[in-house]
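Engineer:
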Amino acid sequence: MSDYTIPQPTSGDIVDLISQDHRLLEDLMRAMRDESADRDAARVAFSDLLVAHSEAEEEAVYPKLKSKKVIDGEEEEHGEEEHAATNEALLKLLQAKGTDTQKFEDALEAVAEVLNHHIGEEELSILNPAREDASEDLRQQLAETWLAKRNTLLESGAGSLDNVEKIVKKAYDDGLLPNDEQPSE
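Everything in the sequence shown is counted per UniProt numbering, starting at 1 for the first residue and increasing by one.
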């Protein structure tokens, strides 16, 4: 995979589309580990897709699945916390200068650990219930809304260092990430 163009479908089943993005994120992580690949291009595509994917989920998918009682508020909040943790790890990956350093390797493995955990949980606790309990019409509607947001974010370069810094700062401000400055109880 040397061409890191991210597909931008406009319709489908939300469960299948989110799962396809998960597989693409895994492919991009493998490319970033491959010294013969264009690791920097893979990092840019990975960052754009990760941010566009998760921001669109939080805006278009989680609240709707919660309102339709497919998932509960705890699952929605947990998904958002995991997105925040993944974005925090992504920020360190983007801050690594070059792709042939130990800092890059360590940051990549940190992202992989958090993201692989999230993908596994999301597919079990959010996508499986959506497949079982959300109507085909709802899954199609969610897909259209999610894809419109995702594709707009992709085109805007949502994974830029500046944007990821803003997203991570907001996650701290919103209490989605533990603030290490605060004394712990």
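Glycine is no exception: its CB is placed at the ideal position from the N, C-alpha and C atoms.
Just so we're clear, the structure is a prediction, and the values are computed from it rather than from any experiment.
Between the segment 78-86 and the segment 32-49, are three or more C-beta pairs nearer than 8 Å?
Structural biologist: Judged by Cβ distances under 8 Å, the segment 78-86 makes no contact with the segment 32-49, as fewer than three pairs qualify.
Engineer: Measure the Cβ-Cβ separation of Glu-75 and Ile-126 and say whether it is below 7 Å.
Structural biologist: The count along the sequence shown starts at 1 and reaches residue 75 at position 75. The count along the sequence shown starts at 1 and reaches residue 126 at position 126. For Glu-75 and Ile-126, yes; Cβs fall inside 7 Å.
Engineer: Throw me the rounded Cβ distance for the Arg-150 and Asp-13 pair, which I believe falls under 8 Å.
Structural biologist: Position 150 of the sequence shown holds residue 150. Position 13 of the sequence shown holds residue 13. With a Cβ gap of about 15 Å, Arg-150 and Asp-13 do not count as contacting.
Engineer: Buried or exposed, going by whether 16 or more other CB atoms sit within 10 Å of the CB of Asn-128?
Structural biologist: One-based indexing of the sequence shown puts residue 128 at position 128. Exposed, by the Cβ-count rule.
Engineer: Considering only the alpha carbon of each residue, which of Lys-92, Leu-108, Glu-35 lies closest to Glu-26?
Structural biologist: The count along the sequence shown starts at 1 and reaches residue 26 at position 26. The residue with the shortest Cα to Cα distance from Glu-26 is Leu-108.
Engineer: Mind pulling the alpha helix (DSSP H) runs of 4 or more residues that sit fully within the UniProt domain "Hemerythrin-like" (14-125)?
Structural biologist: For the UniProt domain "Hemerythrin-like" (14-125), whole alpha helix (DSSP H) runs of length 4 or above, ordered along the chain, are 14-33, 39-56, 62-67, 73-95, 102-122.
Engineer: Assuming Gln-141 is part of the alpha helix (DSSP H), what are its boundary residues?
Structural biologist: Mapped onto the sequence shown, residue 141 falls at position 141. Where Gln-141 is concerned, the enclosing alpha helix (DSSP H) stretches over 136-155.
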